[in-house]
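Worksheet: one structure, shown below.
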Amino acid sequence: MGKITRLVVLSSELPSEMHLLIYELHADVTIKETCYGMMVHGEEAMVNALTKTIRKIDPGAFIKERGFIPGDPRRCRADRGGGARPGFYSIKKEYEVLPALARALAKLPYDTPPAPAEKPEKILVARLREIADSKTGPAAE
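Numbering-wise, the working numbering puts 46 at position 42 of the sequence shown, and it's gapless, one number per residue.
Put into structure tokens, the structure is as follows:
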């Protein structure tokens, strides 16, 4: 297994407490604190186990994979001359709604999985061509 980086966006009221809890686990990973949470980088199995622990501690934490390691010169503000990193404003806006999302997710009934959505019936290529070539309908008028 290789190394991966996960972006952890914390919706908890006191994210600094989460950082302390993670540090106390003494996991063999690199943790970089950010204004919205943290980045966790290390061996895939260790990072996955740690993110499961984070989800148990704070169900309102949102976690996704990140394509760059912490400090990567392609993303690091210090190497790019400062300013907000690409994507920061999106995360900032999403961060504002995370407490509401966490409350909504907490109300979901996780006991039973949702029913699978019905897939629409496929149409034949000939029928699709017939529809596309048709001169009826609002577009043809």
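Positions of the beta carbon are idealized from the N, C-alpha and C atoms, including for glycine.
C-beta atoms of residue i and residue j nearer than 8 Å
i: I58; j: A49; result: no
i: K36; j: P77; result: no
i: A110; j: P63; result: yes
i: V13; j: L102; result: yes
i: R70; j: M43; result: yes
i: L29; j: L54; result: yes
Residues that residue i bridges to, as DSSP identifies them
i: R10; result: V44 and E69
i: E37; result: M42
Rounded straight-line distance, which links the Cα of residue j to that of residue i
i: H45; j: K60; result: 19 Å
i: T9; j: A108; result: 27 Å
i: E21; j: I135; result: 59 Å
i: Y99; j: V33; result: 24 Å
i: P124; j: S138; result: 22 Å
i: Y40; j: T116; result: 32 Å
i: K7; j: A130; result: 49 Å
i: M5; j: E47; result: 7 Å
i: I67; j: I127; result: 39 Å
i: H2; j: V51; result: The first residue shown for the chain is 5 and the last is 145, placing residue 2 beyond what the model contains.
Residue i (DSSP reduced to helix, strand or coil)
i: S94; result: helix
i: P103; result: helix
i: A31; result: coil
i: M50; result: helix
i: M5; result: coil
i: R78; result: coil
Any non-hydrogen atom of the ligand PLP within 7 Å of residue i CB
i: E100; result: Within the structure as shown, the ligand PLP is missing, as the structure has no ligands at all.
May I have a chain-ordered list of the alpha helix (DSSP H) segments no shorter than 4 residues that lie completely inside the segment 105–143?
129–137
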